[in-house]
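Novice:
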Amino acid sequence: MKHIPYLLIGFRLLLGPVMIAITYNYGSTARIFLMVLLLLGILSDIFDGIIARAQNVSTATMRRIDSQVDVVFWLCSGWCAWLLSPEVITANKYAITTIFVMEGLTYVFSILKFGKETCTHAILSKLWGITLFIALSSVIGFNYGGIPLMLAIIFGVISHIDVYLIILFLPRWTHDVASAWHAWQIRQGRDIKRNKLFNG
Numbered sequence: 158m159k160h161i162p163y164l165l166i167g168f169r170l171l172l173g174p175v176m177i178a179i180t181y182n183y184g185s186t187a188r189i190f191l192m193v194l195l196l197l198g199i200l201s202d203i204f205d206g207i208i209a210r211a212q213n214v215s216t217a218t219m220r221r222i223d224s225q226v227d228v229v230f231w232l233c234s235g236w237c238a239w240l241l242s243p244e245v246i247t248a249n250k251y252a253i254t255t256i257f258v259m260e261g262l263t264y265v266f267s268i269l270k271f272g273k274e275t276c277t278h279a280i281l282s283k284l285w286g287i288t289l290f291i292a293l294s295s296v297i298g299f300n301y302g303g304i305p306l307m308l309a310i311i312f313g314v315i316s317h318i319d320v321y322l323i324i325l326f327l328p329r330w331t332h333d334v335a336s337a338w339h340a341w342q343i344r345q346g347r348d349i350k351r352n353k354l355f356n357g
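Just so it is clear: in the sequence shown, position 183 is 340 by this note's numbering, and no numbers are missing.
1. Using 8 Å as the Cβ pair cut-off and three pairs as the minimum, do the stretch 249-265 and the stretch 304-319 touch?
2. Return helix, strand or coil for S215, following the three-state DSSP convention.
3. Assign W330 to one of three DSSP states: helix, strand, or coil.
4. Beta-carbon within less than 6 Å of P305's beta-carbon, same chain only, minus the 5 sequence neighbours each way: which residues are those?
5. Between the beta-carbon of L195 and the beta-carbon of S234, is there less than 8 Å?
6. Taking only the alpha-carbon atoms, compute the straight-line gap between H339 and F168 and give it to the nearest angstrom.
7. Out of Y181, L171, V228, which has the shortest C-alpha to C-alpha gap to G286?
8. What does a CB cutoff of less than 7 Å around W239 pick up in its chain, not counting 5 residues either side in sequence?
9. Quick check: the Cα distance between I222 and P243, rounded to an integer number of angstroms?
10. Please classify N249 as buried or exposed, where buried requires at least 16 other C-beta atoms within 10 Å of its C-beta.
11. Who are the Cβ neighbours of A217 in its own chain at under 8 Å, not counting the five residues just before and after it?
12. Hey, does L197 have any beta-carbon neighbour from chain C nearer than 8 Å?
13. I'd like the span of the alpha helix (DSSP H) that includes T436, first residue to last.
14. Indicate whether A279 and I208 have their beta-carbon atoms separated by less than 8 Å.
15. Report buried or exposed for G346, applying the criterion of at least 16 other Cβ atoms within 10 angstroms of its Cβ.
16. For F230 and G272, which I take to be in contact (beta-carbon distance under 8 Å), what is that distance rounded to the nearest angstrom?
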C-alpha cells in the first residue's frame, strides 16, 4: 500500500505523453477516449495524496514530485487541447498566456525566497485543478471553451494570487499550506490544523 502513491504519480507522469501520442495519431476520433484518460489523471492526483496521508508516507519529497508531475500532466493535456481545438485556444490566447506567466512567477518568487520551487497544494489551487479539468474536458471532448474555460482562467488567476501571498507570508519553505491565511498563521507562530482530505 505504501508504494501506491508513487505508482499513481508515475502513472500520471506517463499518461500525459501517452495522451499527446494518441492525439497525434488519432486526432478528433480519440476525443472521448482522451476525456477518459483525463479523468483517470485527475483521479490519480486526488487519490495519491489521500492514500499517502492515510499510510503516513506523505513526505516533502513526495509532495514536490507530485507537484511537478501535475505541471507535466496539465501541460500535456493543454497540448492535446491545442492540437484538437487550436481555434478555441487562439481565441483565449491572452488569458491563457497570463496563466502561464503567473505560474512561472510562482517558481521565480519561491526560488528567490526559499531556494526551491513552491509546493503549497492550496485549496484554491485544488479548485483551479477541478475547473481546469472541466475546461479541458470541454475543449478536448467537445471542441468548446466558453464558460468552462472562462471559469478555469478566473480560478487560475485567483489561485495564483493566493500562492503569491503564501510565499510572501511563509517565514520558511513549507509544503502543503492550505491558504494564505494558513501561511499567515504559520508566520505568527501558531499551529495550523491540517485536514487529511484537503491538505496535501
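The beta carbon of each residue, even a glycine, is placed where N, CA and C say it ideally should be.
Here the structure is a predicted model, which is why all the values come from computation and not from measurement.
Specialist: In this structure, then:
1. yes
2. Position 58 of the sequence shown, counted from the first residue, corresponds to residue 215. S215 falls in the coil class under three-state DSSP.
3. The count along the sequence shown starts at 1 and reaches residue 330 at position 173. If DSSP states are grouped into helix, strand and coil, W330 belongs with coil.
4. Counted from its first residue, the sequence shown places residue 305 at position 148. Cβ within range, chain order: I291, A292, S295.
5. Position 38 of the sequence shown, counting from 1, holds the residue named residue 195. Position 77 of the sequence shown, counting from 1, holds the residue named residue 234. Yes, the pair counts as a contact, with Cβ atoms nearer than the cut-off.
6. Locating residue 339 in the sequence shown gives position 182, where the first residue counts as 1. Locating residue 168 in the sequence shown gives position 11, where the first residue counts as 1. Approximately 31 Å, taken between the alpha carbons.
7. Your numbering for residue 286 matches position 129 in the sequence shown. Looking at the Cα atoms, V228 is the closest of the given residues.
8. Here residue 239 corresponds to residue number 82 of the sequence shown, with the count starting at 1. Contacts found: I246.
9. Residue numbering aside, residue 222 sits at position 65 when the sequence shown is read from its first letter. Residue numbering aside, residue 243 sits at position 86 when the sequence shown is read from its first letter. In a straight line, the C-alpha of I222 is about 30 Å away from that of P243.
10. Reading the sequence shown from its first residue, position 92 is the one you call residue 249. Buried.
11. Counting from 1 along the sequence shown, the entry for residue 217 is found at position 60. Answer for A217: C276, H332, listed in chain order.
12. Annotation note: the requested chain C is absent from the structure, which comprises a single protein chain.
13. The requested residue 436 does not occur in the structure, where the chain is confined to residues 158 to 357.
14. Position 122 of the sequence shown holds residue 279. Position 51 of the sequence shown holds residue 208. Contact: no.
15. What you label residue 346 is simply residue 189 of the sequence shown in a count that begins at 1. G346 should be labelled exposed.
16. Reading the sequence shown from its first residue, position 73 is the one you call residue 230. Reading the sequence shown from its first residue, position 115 is the one you call residue 272. In fact, because the Cβ distance is near 25 Å, the residues do not count as touching under 8 Å.
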